[in-house]
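*Asks:*
Numbering (my numbering), first residue to last: 132 to 534.
Here you go:
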C-alpha cells in the first residue's frame with residue numbers, strides 16, 4: 132500500500148458518536164463547534180427566542196434552503212450541518228429542559244460572561260451533578276476571574292490587552308488592526324477545541340468531565356509569544372514594524388506590482404533570498420536579512436523591482452523560482468485558486484446561494500455538510516430524541532420556554 136493509499140484508508144470522522152450542546156453565539160463558540168462537527172461530532176445549537184445567534188441576522192444576507200429566510204453568509208459557514216433548538220433559559224421551564232437534555236451530551240460550550248450560567252441555575256456544578264462526565268467549555272474575553280473578567284469586549288480589545296496588537300503595523304502611527312479575528316478564532320476557538328479534546332481524553336480514564344476555561348485574551352497572548360518574549364528580554368529589534376517578521380526587513384513584506392496588485396515575499400532564509408535575487412537579477416546582499424536603518428534602501432529597491440512586472444508575470448515567476456513568493460489573492464479569487472480547488476476547500480450550496488469554505492481539519496477528510504438551520508427548526512426533533520413525548524413538547528412550547 133502506498134502512502135497516499137494509506138492516508139485515504141485512514142480518513143474519516145474520528146469524533147462520530149460525540150454529542151455537543153452549543154449555547155454560544157457570534158464567532159468563537161460556533162467556530163469551535165464547527166471544527167468538532169467536521170471531526171464527526173453531532174452539534175445541537177441552543178438559541179434563545181429573542182434573537183438567537185446574533186450573527187444569524189447580520190449582513191451580508193443569503194437565502195436559506197427551502198425557506199426563503201435570509202441569513203448571514205458567515206452564519207451558514209459556521210453552522211453548516213448543525214441542528215437548532217430554541218429554549219428560553221430565563222424561564223424555569225427552559226432551565227429544567229436544559230438540565231434534562233444535558234445527560235445526553237458529552238460537551239457543552241457557552242460564551243456568556245462569567246457568572247451568567249450560575250445565575251440561571253445552570254453553572255458547571257449544577258450541570259455536573261446532572262451529568263458527571265460532562266465537559267463544560269466556557270469561552271470568555273478575559274477568563275473566569277480577575278479585574279477584567281466582566282468587561283465587554285471584541286477581538287480588537289483582546290489582542291490589544293494581550294500585547295499582540297502592539298506588535299502589528301508600521302513603526303510610525305498607531306498599530307494596525309489585523310484582517311482576521313485572531314482572538315476569536317485562534318485565541319478562543321482553537322484553544323477551546325484543544326481544551327475540549329484534552330478533557331475528553333482525560334475522561335476516558337477518570338470518567339469525570341472537566342471545566343475548560345478559555346480566555347480569548349490569553350490565547351492571543353500565546354499567539355504573540357515570539358514577539359512578546361523578545362520584547363520582555365529587552366530585544367528592541369522586534370518592536371512594531373522593526374522585526375524580521377513584522378515589516379522590519381525588505382525580504383519579508385508585500386509589494387505592489389506594475390498593474391496595482393500585490394505580491395507577498397517571505398524570503399526569510401538566505402537560500403530563498405539568494406534564489407529571489409538571482410531570479411530578478413540583483414545582488415543578494417545578506418545585510419537585507421537583518422533589521423536596521425539600511426532597510427529603507429532595500430525596500431525602495433524591491434518596490435522598483437516589483438513595479439516592473441504585472442501580477443500575472445510575478446505569478447509565473449513564483450512558479451518557476453522557489454523563493455517563498457505568493458500572490459495576494461482577493462477574497463473572491465480564493466475559491467478558484469488551483470491549490471484550493473485540488474484540496475476541495477470550497478463547496479457551493481445551491482439552496483443558500485453561497486460558496487462556503489469547507490476546510491478539512493488535520494485528521495478529518497470530510498467537513499460537516501448541509502445548510503445552516505433556520506432558528507428552532509429542530510426543537511421538536513432534539514427534544515424527541517432526548518425522550519420527550521409529543522405532549523410534553525407541546526406543553527413546553529405552550530409555556531414559551533421553547534419554540
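Every residue gets a Cβ at the ideal spot worked out from N, C-alpha and C, and that includes glycine.
1. As a quick exercise: from 272, 330, 360 and 309, pick the residue whose alpha carbon is nearest that of residue 319.
2. For the candidate residues 331, 460, 519 and 353, whose alpha-carbon lies nearest to that of residue 386?
3. Here's the rule: buried if 16 or more other CB atoms are within 10 angstroms of the residue's CB, otherwise exposed. What is residue 236?
4. Can you check whether the CB of residue 429 is closer than 9 angstroms to the CB of residue 394?
5. Just the C-alpha distance for residue 278 and residue 521, rounded to the nearest angstrom, thanks.
6. In angstroms with no decimal places, state the Cα-to-Cα distance between residue 170 and residue 501.
7. On the criterion of 16 or more Cβ atoms from any shown chain inside 10 Å, does residue 360 qualify as buried, or is it exposed?
8. Helix, strand or coil for residue 300? Go by DSSP, reduced to three states.
9. Can you have a look at residue 207 and say buried or exposed, based on whether 16 or more other CB atoms are within 10 angstroms of its CB?
10. Use the C-beta contact count for residue 202: other C-beta atoms within 10 angstroms, 16 or more gives buried, fewer gives exposed.
11. Within 10 Å of its beta-carbon, does residue 281 have 16 or more other beta-carbons around it, so buried, or fewer, so exposed?
12. So, is the C-beta of residue 181 closer than 9 angstroms to a C-beta in chain D?
13. Can you name the residues that DSSP bridges to residue 270?
14. Within its chain, find whatever has a CB closer than 7 angstroms to the CB of residue 222; leave out the 5 residues flanking it on each side and keep chain order.
15. DSSP on residue 173, reduced to helix/strand/coil?
16. In the DSSP assignment, what are the bridge partners of residue 238?
17. Where do the ends of the alpha helix (DSSP H) carrying residue 396 lie?
18. Using DSSP with H/G/I as helix, E/B as strand and the rest coil, what is residue 469?
19. Taking buried to mean at least 16 other C-beta atoms within 10 Å of its own C-beta, is residue 349 buried or exposed?
20. According to DSSP, is residue 255 helix, strand or coil?
21. Can you tell me whether residue 196 is helix, strand or coil according to DSSP?
22. Would you mind sorting residue 185 into buried or exposed? The rule is 16 or more other CB atoms within 10 Å of its CB.
23. Name the DSSP beta bridge partners of residue 214, please?
24. What number of angstroms, rounded off, separates the C-alpha of residue 527 from the C-alpha of residue 159?
25. Buried or exposed, going by whether 16 or more other CB atoms sit within 10 Å of the CB of residue 473?
26. In the DSSP assignment, find the alpha helix (DSSP H) that holds residue 442 and state where it starts and stops.
27. Among 514, 519 and 420, which residue has its Cα nearest to the Cα of residue 217?
28. Looking at the structure shown, is residue 515 part of a helix, part of a strand, or coil, going by DSSP?
29. Give the C-beta separation of residue 401 and residue 421 to the nearest angstrom, bearing in mind that I take them to be a contact with Cβ-Cβ under 8 angstroms.
30. Would you say the region 339-356 touches the region 289-302, given that touching needs at least three Cβ pairs under 8 angstroms?
31. Taking only three categories from DSSP, how would you classify residue 415?
32. So what's residue 316 in DSSP terms, helix, strand or just coil?
33. Can you pull the DSSP bridge partners for residue 458?
34. Taking the straight line between their C-alpha atoms, what separation do you get for residue 329 and residue 266?
35. For residue 551, which of helix, strand or coil comes out of DSSP?
36. Could you pull out every residue in the same chain whose Cβ sits closer than 8 angstroms to the Cβ of residue 263, ignoring the five residues on either side in sequence?
*Replies:* Looking at the coordinates:
1. By 1-based counting over the chain shown, the position of residue 319 is 188. Here the closest residue by C-alpha is 272.
2. Walking along the chain shown from the start, residue 386 turns up at place 255. Of the listed residues, the one whose Cα sits closest to residue 386 is 460.
3. In the chain shown, counting from the first residue as 1, residue 236 sits at position 105. Around the Cβ of residue 236, a 10 Å sphere holds 16 or more other Cβ atoms; the residue is buried.
4. The count along the chain shown starts at 1 and reaches residue 394 at position 263. The count along the chain shown starts at 1 and reaches residue 429 at position 298. No, the Cβ-Cβ distance between residue 394 and residue 429 is not below 9 angstroms.
5. To locate residue 278, count along the chain shown from 1; it is residue 147. To locate residue 521, count along the chain shown from 1; it is residue 390. Rounded to the nearest angstrom, the two C-alpha atoms are 47 angstroms apart.
6. One-based indexing of the chain shown puts residue 170 at position 39. One-based indexing of the chain shown puts residue 501 at position 370. Rounded to the nearest angstrom, the gap between the Cα atoms of residue 170 and residue 501 is 15 angstroms.
7. Here residue 360 corresponds to residue number 229 of the chain shown, with the count starting at 1. The residue is exposed, with fewer than 16 neighbouring Cβ atoms inside 10 Å.
8. Here the question's residue 300 lines up with position 169 in the chain shown. Residue 300 falls in the coil class under three-state DSSP.
9. Reading the chain shown from its first residue, position 76 is the one you call residue 207. Under this definition residue 207 is a buried residue.
10. As a position in the chain shown, residue 202 is number 71, starting the count at 1. Flag for residue 202 reads buried.
11. For the purposes of this step, residue 281 is identified with residue 150 of the chain shown, where counting begins at 1. Exposed is the call here.
12. The displayed structure is made up of one protein chain only, and chain D is not part of it.
13. On the chain shown, position 139 is the one that residue 270 refers to. Paired residues: 345.
14. Position 91 of the chain shown, counted from the first residue, corresponds to residue 222. Excluding positions up to five away in sequence, the list reads 530, 531 and 532.
15. Position 42 of the chain shown holds residue 173. Of the three classes helix, strand and coil, the one that applies to residue 173 here is strand, per DSSP.
16. Locating residue 238 in the chain shown gives position 107, where the first residue counts as 1. For residue 238, which the question treats as bridged, DSSP gives the partners 151 and 266.
17. One-based indexing of the chain shown puts residue 396 at position 265. Premise fails: residue 396 lies in the beta strand (DSSP E), 393-397, not in any alpha helix (DSSP H).
18. As a working note, residue 469 is residue 338 in the chain shown. If DSSP states are grouped into helix, strand and coil, residue 469 belongs with the helices.
19. The count along the chain shown starts at 1 and reaches residue 349 at position 218. So residue 349 counts as buried.
20. Translated into the one-based positions of the chain shown, residue 255 becomes position 124. Helix at residue 255.
21. Translated into the one-based positions of the chain shown, residue 196 becomes position 65. Below a pLDDT of 50, predicted positions are generally treated as unreliable, and residue 196, at 45, falls in that range; no measurement from the model is reported.
22. As a working note, residue 185 is residue 54 in the chain shown. Residue 185 comes out exposed.
23. Translated into the one-based positions of the chain shown, residue 214 becomes position 83. According to DSSP, which records beta bridges pairwise, residue 214 is partnered with 175.
24. Reading the chain shown from its first residue, position 396 is the one you call residue 527. Reading the chain shown from its first residue, position 28 is the one you call residue 159. About 30 angstroms.
25. The residue labelled residue 473 in the question sits at position 342 within the chain shown. Its Cβ having fewer than 16 others within 10 Å, residue 473 is exposed.
26. Within the chain shown, numbered from 1, the residue matching residue 442 stands at position 311. Looking at the DSSP string, the run of the alpha helix (DSSP H) that includes residue 442 is 442-451.
27. Along the chain shown, one-based indexing puts residue 217 at 86. Of the listed residues, the one whose Cα sits closest to residue 217 is 514.
28. For this step, residue 515 is matched to residue 384 along the chain shown. Residue 515 falls in the helix class under three-state DSSP.
29. The residue you call residue 401 lines up with position 270 of the chain shown. The residue you call residue 421 lines up with position 290 of the chain shown. Contact flag wrong, Cβ pair sits at about 11 angstroms.
30. yes
31. Sequence index remark: in the chain shown, residue 415 carries index 284 (1-based). The answer is coil: DSSP assigns residue 415 none of H, G, I, E or B.
32. Taking the chain shown and counting its residues from 1, one reaches residue 316 at position 185. Note: residue 316 maps to helix in three-state DSSP.
33. Against the chain shown, residue 458 aligns to sequence position 327. DSSP lists 394 as partners of residue 458.
34. Counting from 1 along the chain shown, the entry for residue 329 is found at position 198. Counting from 1 along the chain shown, the entry for residue 266 is found at position 135. Rounded to the nearest angstrom, the two C-alpha atoms are 10 angstroms apart.
35. Only positions 132 to 534 of the chain appear in this structure, which leaves residue 551 out of reach.
36. Start at 1 with the first residue of the chain shown, and residue 263 comes out as number 132. Cβ within range, chain order: 338, 339 and 340.
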